[in-house]
Every structure is written in structure tokens, then in C-alpha cells.
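Residues -35 to -1, 1 to 157, numbered by mature numbering (1 follows the signal peptide of the UniProt record, and there is no 0), are exactly what the sequence shown covers, in order.
One structure below.
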Amino acid sequence: MRFYLLQSKIKNKSILKKLLLCATIAVFVLSSANAQEVNFGVKAGADFASSKVKRPLFDVSFTGTGFYIGGFANIGLSDALSFQPEVLYVSVSTGGNTGLDFDEIHIPLMGKFAVSEKFAVLAGPALGILLDAGEGTKSFNYGIEAGAAFNITYNFFVEARYNIGLANLSDNVPGINSSKISGFFTGVGYRF
């Protein structure tokens, strides 16, 4: 049985505009309120996503691969602790009509703790707006994200993260109790 949960374009683009505006304002307010160092950068990598659809009699899981690309600000709060808001474009496809083809604006709001000069751990909430949420699919996604980053040089780093989707994306679809998306991200970044 095929599920077509994520196919048509988002109908209300004003939500996306408001969320991006709030994220931008938060970055500038936090960076001006703190005398600590503020860095900006870009990142890109692979996303290995999974979707779990709970049905009354059985559950169905889908997997897909894709990519992410975007930018971040790293706002120092102390020598070892910083706040790292990000805005990423995420695209995932299974190569077929299985219900796990989606595009999302992904907004992690990460706390970052530098364990050493080269290694850091990150954790925090993540928000998302599905750009192609179809009928029966909610467009707002949220979850918890955690991972690690390793600095190759001051500018270049590699990262790995896991996002646990907490939002039920099913919008009163008959025969579907819930639908959640999670994913493993791995990639590289450049800090300016």
C-alpha cells in the first residue's frame, strides 16, 4: 500500500516567512546582547531519513536519503558554551511514491559545548516547515536533535547528528494514527 502524505506544495507560505523572520531577529538580538565572539558559516551534507506511520493494525516504516545545505551563527556564551541557531534546506527522496519524499526548512536551535579545542557536542530543539505538505499532512514539524562536531581546522569541521521527530504530521487521515519523521545528518561545514 502506498502513502502519499507529502506531495503538494505548502498552502500557507506566510508561516515560513514569519518563522524565518523570527529566527533572523533572534540571531541579531542574541549577537548584539553578548560581547562574546559571533561566527557565521555554511554547511552541507547527507540526510538519512526515516518515517514511521502508525496504523490501527500495523506500523509501516519508510527510509530515504537526501541532502541538506544552509547557514548558521555560533554565538559565544562562555569559553566552552555557545548557542548555534541554524537555517537549513533539507530534501529527502526515496526515489518512488512511498510517502517519504519531502522538502523542509529545518531550524535547529542548538546548545554547543566545546569538550576540547577540536571536539564539541550539540543538543537542542529543532523546528521544521514542510514545503510540500499535502492534504492530510501538517506542515509544522518539531523534534530534538543531538550530535557532535570535530574541527579539522579553525574554519573547516565535520559533523554528525540525529534528529528525533516528535510531531505527528498526520492531520486526521483515516486509518493513520500518527506519522513522524526522524533523520541522521552527516556533513561538513565552513566557519567564516
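No residue lacks a Cβ here, since even glycine has one placed at the ideal position from N, Cα and C.
Computed from a prediction, not measured in an experiment: that's the story for all the values here.
Provide the residue(s) that pair with residue i in DSSP beta bridges, ordered along the chain.
| i | result |
| --- | --- |
| I70 | Y54, I94 |
| S15 | T28, S147 |
| A85 | A79, A114 |
| L46 | F78 |
| N4 | N39 |
Can you tell me where the beta strand (DSSP E) with residue i in it begins and where it stops?
| i | result |
| --- | --- |
| E110 | 105 to 116 |
| T126 | The question names Thr, yet the displayed sequence has Arg at residue 126. Looking at the DSSP string, the run of the beta strand (DSSP E) that includes R126 is 121 to 130. |
| S147 | 143 to 156 |
According to DSSP, is residue i part of a helix, a strand, or is it coil?
| i | result |
| --- | --- |
| D24 | strand |
| N(-2) | In this prediction, N(-2) scores a pLDDT of 47, lower than 50, which makes its location untrustworthy; no coordinate-derived value is stated. |
| K(-25) | Confidence at K(-25) is low in this model, with a pLDDT of 42, below 50, so its placement is unreliable and the value that follows should be read with caution. Coil, per DSSP. |
| N39 | strand |
Classify residue i as buried or exposed, calling it buried when 16 or more other Cβ atoms lie within 10 Å of its own Cβ.
| i | result |
| --- | --- |
| P73 | buried |
| V80 | exposed |
| P21 | exposed |
| I40 | buried |
| D66 | buried |
| S26 | exposed |
| A11 | exposed |
| K77 | buried |
| F157 | exposed |
| A85 | buried |
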